[in-house]
Every structure is written in C-alpha cells, then in structure tokens.
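Reading through the structure tokens given below for one structure.
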Amino acid sequence: MNICFVAILGIITVLFLLKMLYVFCTAWVIRITRGALFVTTPNIRIETFLQYIPVDHGSSVVDLGCGDGRVLRKIRKHFNVKALGYEINPFAYMLAKIFCCRDKKIRIKRRDFLDKSLAEFDIIFCYLFPDVMEELTIKLQNEAGPDTVFISCNFPLKGQMADQVLVPEKTRHNEPIFIYYF
Ligand SMILES: C[S@@+](CC[C@H](N)C(=O)[O-])C[C@H]1O[C@@H](n2cnc3c(N)ncnc32)[C@H](O)[C@@H]1O
C-alpha cells in the first residue's frame, strides 16, 4: 500500500477520534455547562479587553470555564499574575493542563465553578452562555470583592448595566465584550 495513502488515512482517523472525544465529553457535561460548549476566545478579543482592564502585578485572575487555557496564557504573557482556570469538560481540561503545564503560575482545576467561591479574585473572566448568566449574576453580587473586575464575552450579566462594552473593530469577531467594575 502506498505510504502516503496510509499516512493520510492515519491523520483522518486521529482527527475523527478527537472529534468523537470532543462530542462525547461535551455531551457528558452538558447539564452543568448548560449549552456553553468548548469554543475558544479568539486572540484579537483577548487583546482587546486586556488593553482596557487594570491588571496589577500579583493580581489573582480566574477564567470560569477556561477551555484550553488560552485566556490565562495570554494574560500571563503580559502580566505577572496568579491565574486559575476552572474547567468541567474533560477534553478541554486535558488540553488546558497540557498547554499550561510549563507555567507554574497557572493552575487548572476540573471543577464546576458554580460550587466555588469567587471572593478571592481581582479579575474574573468568562465566555459562557445566557442560561448560566443569571445564576452567575447572583453569585457575583454575593461574592465579588469591592475592586473586582468582571469581563464577559458575548453575554451580559442579568439586570446589571455594564460599565464598558467593547466591540473589537475590523474583525469578524466583533461580538460585544462586557466589563463590570464591582
Ligand atoms: C465558550 S468556552 C470558553 C473557553 C475559554 N474561557 C475561552 O474563552 O477560550 C466555555 C467553557 O466553559 C466550560 N464550562 C461551562 N460551564 C462550566 C462550569 N459550570 N464549570 C466549569 N466549566 C464550565 C465549558 O466546558 C467550556 O469549555
């Protein structure tokens, strides 16, 4: 058999298995994630909000549903902060652990963030789904510290006016980014 054909077949098989793993893991946690699939925030959007939020060295940052950890890695590239990612999807969690393993200041935990206190964080980021934003709104109102900055990609908090709404220009990734100062 032609070696090129075998190589292509091997690549297709690996991609297919990865896709199946993604689908299985997503379905497994769908009750917890309530529709927030593992989709990553484009770099242009991360860079946009990083220009606007005040990040002090030593700040504590959390990504609620960190996917493959790219937001945390991007923040850590620019700032000397402590970063934590909660991620419930085993596939995304595994990727985040692999991609973030060289940075000792990034911790990734396979937990439902709704069960965890958010009181200790200076900067809270999320890119979730409307179904979870109402519960998250109440949680933040109860737990966020007085100087906490909260950033939400695409979906606002329920019944709370954002202090800033950013819309990245000249890009197809121009959904709003909501920023709240508690
Ligand atoms: C749209 S992705 C965003 C990933 C990453 N934050 C980013 O911006 O690139 C949302 C992620 O949140 C995770 N997620 C949703 N609800 C969660 C929960 N209650 N606890 C932990 N992770 C959750 C999902 O598994 C998914 O990977």
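Per the numbering used here, the very first residue in the sequence shown carries number 113; after that it's consecutive. Every residue, glycine too, gets a C-beta built ideally from N, C-alpha and C.
At a threshold of 8 Å, residue 193 does not count as near ligand 1, since its beta carbon sits no closer than that to any of the ligand's heavy atoms.
The region 165–174 makes contact with the region 230–239: 3 or more CB pairs, one atom from each, lie closer than 8 Å. Residue 205 is classed as buried because its beta carbon has at least 16 other beta carbons within 10 Å across all chains shown. Per DSSP, reduced to three states, the secondary structure at residue 234 is coil, with no helix or strand assignment. Between residue 148 and residue 259, the C-beta gap is not smaller than 9 Å, which leaves the two residues out of contact. Distance from the CA atom of residue 251 to the CA atom of residue 226, rounded to whole angstroms, is 8 Å. Distances from the CB of residue 175 to the heavy atoms of ligand 1 include at least one below 8 Å. Shown here, residue 248 sits in a helix according to DSSP, grouped into three states. For residue 239, the secondary structure class from DSSP, reduced to helix, strand or coil, is coil. Under the three-state reduction of DSSP output, residue 217 falls in the coil class, being neither helix nor strand. Taking 9 Å as the cut-off, the Cβ atoms of residue 218 and residue 262 do not count as close.
Under DSSP, residue 262 takes part in a beta bridge, and its partners are 236, 292. For residue 195, no alpha helix (DSSP H) segment is defined; the enclosing uninterrupted segment is the beta strand (DSSP E) at 194–198.
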